[in-house]
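Residue numbers (my numbering): 36 to 878.
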């Protein structure tokens, strides 16, 4: 018997960590399901199986003008060539694409039994037939013009499109639902007229707001019609990509005449059901509730639906109150249901949650690429054809010599070489001359060749102009959208009704004063200002926010619940939210990640926050960057901000936006540095600029110094400037000690320091009656009366205001605005900056 070999010695088994292998394999499996099965591509709105079905039908020539073919033939084609999965999955997808109650704009024209709204299944695929629907031609248009990338199929024997060159935003027109690994998608269908109008509006105005889009796109339009109750959730879903849209059936009262000895009665007639509600199961549920006694006043229930439409008859007892019965029906059954919107789609093979603007914008960019590739394809064909015609015209101009050369040539190769050498032609032109029929030598045919050549030169110029001008490409997109809208348009089916007693969140929210915290690592929360009691100076303070060990408070400000808050990022982008949209927390909670409420990028940090009570026409925003660049812009520019944000300021590559303040036209700005210098100059010295413009120099900085913040000085304002150092020393100095200077100077001394390592971290203008909130890096918050802090001269060091200890330091000081004061509130920017002027990272 031979001895057993140690297989480990031969390298046949490699020991690995099972935990690492399971993690890696599961991630690979999850991404395969996400990309390859469950989620649609944002560009064509299709999952891979749907895309393969349509492409296979196109390859089979199953256009709308051709006869139907057996569905088994289609399923076999898809399975054998493109989709090596179960035949049931492919057929079920094909069936759904043909159901008028499941798909708003059917992409498959089915012939036979394809199921019903009662949940009946379709007939077997050997019985049913199908072909492409008319609108499908718009999804496959120009696919043979190199408009999209093709990839090898599963065995490498064929190629299939990675995406279809759809001419319409099919992701929104038909919607989609799917469950992947760790995520899902659920996008409602829409009306083609509204979606096309909204897309054209976005093309005309790339900065269009959600309100602007919703002037055209009113809301989802379901294939089963019914009604949508209210617009609040529609706006939420369109703005964030997530929401819950409430749908209700259409039900009316009808008097049933007396017959067969029975007296006349009132009946509730249901003619339309919410999307995806099973009619048979609904009727069973109503019967069950009546039997259990949960629904009273119903005497009979029957389904009178036929091919002319749906009709569920619910007869009432004579003593029943019709409105009460109807309300109970809608309350306890699926006559009222919700559609949970979750607009997740693949963008560049990565799943992303998208809002309405982003979905439309991705479609427009896809169409730009398709038309560009199509134009390049046509341009190459036109250039090649013009090149061939140029060779033919050379031959026709020397016809006798060409004929003589060909006659004397012993073979085709010699004739080709002779033509190429004698007339300077290339091989393609020489072959075209040799293949030219004798009838092309007539005078009429020669004129046709010259006319075709001239026409091709015009087309080449046209194609080159299109490729050189994006506006021309966008104009073509608009034209094609309009053509398809006229071809496939229909009336809206789902009626959008105002919700009874519908009120805004603002109407339900008391306009109370709130304290808002944002940490360096990007956690945000709001707390009622009443939580913090007034304290004496130099006390320890209360915990305002529980932070992680390596986190600290980055931004703190006070605002009213109804205020709108502008969030400015280091990249010069501005976002907008209401205070009541922030998560509410306790003093010890850490809050919610800011990325859950703002669509900021991974490398983007929020560096300034401005609460605004109203967008007054005489108000400005003063923006100050890390390198001291300052800019004035009118507040009205930021009244309508789309969810994805808009540009607030142009920046140099090495600069970031760090501070933003509200100011009136006749105010002054006061800027401080970490070394204790300050400069004051009028806002009028800064002319208003546009959103994309860069700023100008604010003040001169010495080596090692950097800007720590700024505040606004109202005209003829007699108050104090409160300054605070990192080790908790503070003081008040009269504003009059800081005389106005010219912009761009060094400024005046604002404070001196108790210790060598101390630095100025915050400055704010206060009155005797004001109170301030002092926040430390460990999240400790103190509420102190300004009058408790002594008034001293500019060069003085101040008094101890906040006990910090060895491991803590002051990062922020903010003036509290009481609720009864009807004023626009300012945000005091974070002072937690590193030496050299680098702004703290919030995310």
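Glycine residues also receive a C-beta, built at the ideal position from the N, C-alpha and C atoms.
message: Buried or exposed for residue 322, going by 16 or more other Cβ atoms inside 10 Å?
response: Taking the chain shown and counting its residues from 1, one reaches residue 322 at position 287. Residue 322 is exposed by the Cβ-count criterion.
field: Within 9 Å, strictly: CB atoms of residue 132 and residue 123
entry: Position 97 of the chain shown holds residue 132. Position 88 of the chain shown holds residue 123. Not in contact: residue 132 and residue 123 (Cβ atoms no closer than 9 Å).
query: What is the DSSP secondary structure of residue 674, counted as helix, strand or coil?
result: Along the chain shown, read from residue 1 onward, the residue named residue 674 stands at position 639. Coil at residue 674, not helix or strand.
- prompt: Rounded to a whole number of angstroms, what is the C-alpha to C-alpha distance between residue 533 and residue 262?
  reply: Working through the chain shown from its first residue, we reach residue 533 at position 498. Working through the chain shown from its first residue, we reach residue 262 at position 227. Computed Cα separation, rounded: 10 Å.
query: Taking Cβ to Cβ, would you say residue 602 is nearer than 9 Å to residue 627?
result: Position 567 of the chain shown holds residue 602. Position 592 of the chain shown holds residue 627. Contact: no.
Whole-angstrom C-beta distance between residue 126 and residue 160, which should lie under 8 Å: Walking along the chain shown from the start, residue 160 turns up at place 125. Walking along the chain shown from the start, residue 126 turns up at place 91. Yes, residue 160 and residue 126 are in contact; Cβ-Cβ is about 5 Å, under 8 Å.
message: Can you tell me where the alpha helix (DSSP H) holding residue 519 begins and where it ends?
response: Numbered from its first residue, the chain shown carries residue 519 at position 484. Taken as a continuous stretch (DSSP letters only), the alpha helix (DSSP H) holding residue 519 covers 505-523.
field: Candidates 613, 819, 794, 828, of which the one nearest residue 844 by Cα
entry: For this step, residue 844 is matched to residue 809 along the chain shown. Selected option, being the one with the closest Cα: 794.
query: Under the DSSP definition of a beta bridge, which residues are partnered with residue 610?
result: Residue 610 sits at position 575 when you count from the first residue of the chain shown. 602.
query: What's the gap between the Cα of residue 613 and the Cα of residue 593?
result: Numbered from its first residue, the chain shown carries residue 613 at position 578. Numbered from its first residue, the chain shown carries residue 593 at position 558. Near 13 Å, if we compare the C-alpha coordinates of residue 593 and residue 613.
query: With a Cβ-Cβ cutoff of 9 Å, do residue 708 and residue 665 count as a contact?
result: Mapped onto the chain shown, residue 708 falls at position 673. Mapped onto the chain shown, residue 665 falls at position 630. No.
query: Taking DSSP as the reference, what is the three-state secondary structure of residue 232?
result: Locating residue 232 in the chain shown gives position 197, counting from the first residue. Residue 232 falls in the helix class under three-state DSSP.
- request: Give me the Cβ distance between residue 766 and residue 825, rounded to the nearest whole Å; I'm assuming they're in contact under 8 Å.
  value: Taking the chain shown and counting its residues from 1, one reaches residue 766 at position 731. Taking the chain shown and counting its residues from 1, one reaches residue 825 at position 790. Right, the Cβ-Cβ distance comes to about 6 Å (below 8 Å), so this counts as a contact.
task: Give every residue of the same chain whose Cβ lies closer than 6 Å to the Cβ of residue 662, excluding the five residues on either side of it in the sequence, and list them in chain order.
output: Translated into the one-based positions of the chain shown, residue 662 becomes position 627. Excluding sequence neighbours, residue 662 sits near 690.
- request: Give the DSSP-derived three-state secondary structure of residue 331 in the structure shown.
  value: As a first step, residue 331 must be located in the chain shown, where it is residue number 296. If DSSP states are grouped into helix, strand and coil, residue 331 belongs with coil.
task: Would you give the residue range spanned by the beta strand (DSSP E) that residue 386 belongs to?
output: Your numbering for residue 386 matches position 351 in the chain shown. Here the beta strand (DSSP E) through residue 386 covers 385-388.
message: So for residue 489, helix, strand or coil by DSSP?
response: Here residue 489 refers to the residue found at position 454 of the chain shown. It is helical.
message: Can you find the residues in the same chain that come closer than 6 Å, C-beta to C-beta, to residue 167, ignoring five residues on each side of it along the sequence?
response: Sequence index remark: in the chain shown, residue 167 carries index 132 (1-based). Closer than 6 Å at the Cβ level, and outside the excluded window around residue 167, lie 92, 97, 98, 99.
- prompt: Taking the alpha carbon of residue 76 as the point to measure from, which residue in 635, 384, 195 has its own alpha carbon closest?
  reply: Your numbering for residue 76 matches position 41 in the chain shown. Checked all of 635, 384, 195; the closest Cα to residue 76 is 384.
message: Is it buried or exposed, residue 837, if we count other Cβ atoms within 10 angstroms and call 16 or more buried?
response: For this step, residue 837 is matched to residue 802 along the chain shown. Counting Cβ neighbours within 10 Å, residue 837 comes out buried, since at least 16 surround it.
- request: Note down the Cα distance separating residue 80 from residue 256, rounded to an integer number of angstroms.
  value: Indexing the chain shown from 1 puts residue 80 at position 45. Indexing the chain shown from 1 puts residue 256 at position 221. If I take the Cα positions, the gap works out to 16 Å.
- prompt: Is it a yes or a no for the segment 509-529 touching the segment 224-235, going by three-plus beta-carbon pairs under 8 Å?
  reply: yes
Exposed unless 16 or more other CB atoms sit within 10 angstroms - verdict on residue 740: Translated into positions along the chain shown, residue 740 becomes position 705. So residue 740 ends up on the buried side.
message: Using 9 Å as the threshold, is the C-beta distance between residue 659 and residue 604 below it?
response: Position 624 of the chain shown, counted from the start, is the residue given in the question as residue 659. Position 569 of the chain shown, counted from the start, is the residue given in the question as residue 604. No.
task: Return the chain-ordered ranges of every alpha helix (DSSP H) run that is complete within the segment 234-308 and spans a minimum of 4 residues.
output: 245-249, 267-275
field: Test item: CB-CB of residue 879 and residue 248 under 9 Å
entry: The displayed coordinates of the chain run from 36 to 878. Any statement about residue 879 would go beyond what the structure contains.
- prompt: Do residue 78 and residue 195 have their C-beta atoms within less than 9 Å of each other?
  reply: Walking along the chain shown from the start, residue 78 turns up at place 43. Walking along the chain shown from the start, residue 195 turns up at place 160. For residue 78 and residue 195, no; Cβs fall outside 9 Å.
task: Mind checking who residue 187 pairs with in its DSSP beta bridge?
output: As a first step, residue 187 must be located in the chain shown, where it is residue number 152. Answer is 194, bridged to residue 187.
- prompt: Quick one: what does DSSP say residue 355 is sitting in, helix, strand or coil?
  reply: Walking along the chain shown from the start, residue 355 turns up at place 320. Of the three classes helix, strand and coil, the one that applies to residue 355 here is coil, per DSSP.
query: What residues are listed by DSSP as bridge partners for residue 145?
result: Position 110 of the chain shown, counted from the start, is the residue given in the question as residue 145. Answer is 165, bridged to residue 145.
query: With C-beta atoms as the reference, is residue 848 less than 9 Å away from residue 764?
result: For the purposes of this step, residue 848 is taken as residue 813 along the chain shown, with counting starting at 1. For the purposes of this step, residue 764 is taken as residue 729 along the chain shown, with counting starting at 1. Taking 9 Å as the Cβ cut-off, residue 848 and residue 764 do not qualify as a contacting pair.
message: My output table needs one value for residue 859: the three-state DSSP class, helix, strand or coil.
response: On the chain shown, residue 859 is found 824 positions in, with the first residue counted as 1. Reliability of the predicted coordinates at residue 859 is poor, the pLDDT of 32 falling under 50, and no value is obtained from them.
task: Give the straight-line distance between the Cα atoms of residue 537 and residue 283, rounded to the nearest whole angstrom.
output: As a first step, residue 537 is located in the chain shown; it is residue number 502 there, counting from the start. As a first step, residue 283 is located in the chain shown; it is residue number 248 there, counting from the start. With a pLDDT of only 47 at residue 537, under 50, the local geometry of the prediction cannot be trusted, and the value read off the model is given with reservation. Their backbone Cα atoms lie some 15 Å apart in a straight line.
- prompt: Are residue 721 and residue 667 touching if we call contact CB-CB under 9 Å?
  reply: Locating residue 721 in the chain shown gives position 686, where the first residue counts as 1. Locating residue 667 in the chain shown gives position 632, where the first residue counts as 1. Contact: yes.
task: Determine the closest residue to residue 148 out of 136, 137, 164, 222, with distance taken between C-alpha atoms.
output: Walking along the chain shown from the start, residue 148 turns up at place 113. Considering only alpha carbons, the answer is 164.
task: Using only the heavy atoms of the ligand FMN, determine whether one of them is closer than 8 Å to the beta carbon of residue 819.
output: In the structure shown, the ligand FMN is absent, as is every other ligand, since no ligand is present at all.
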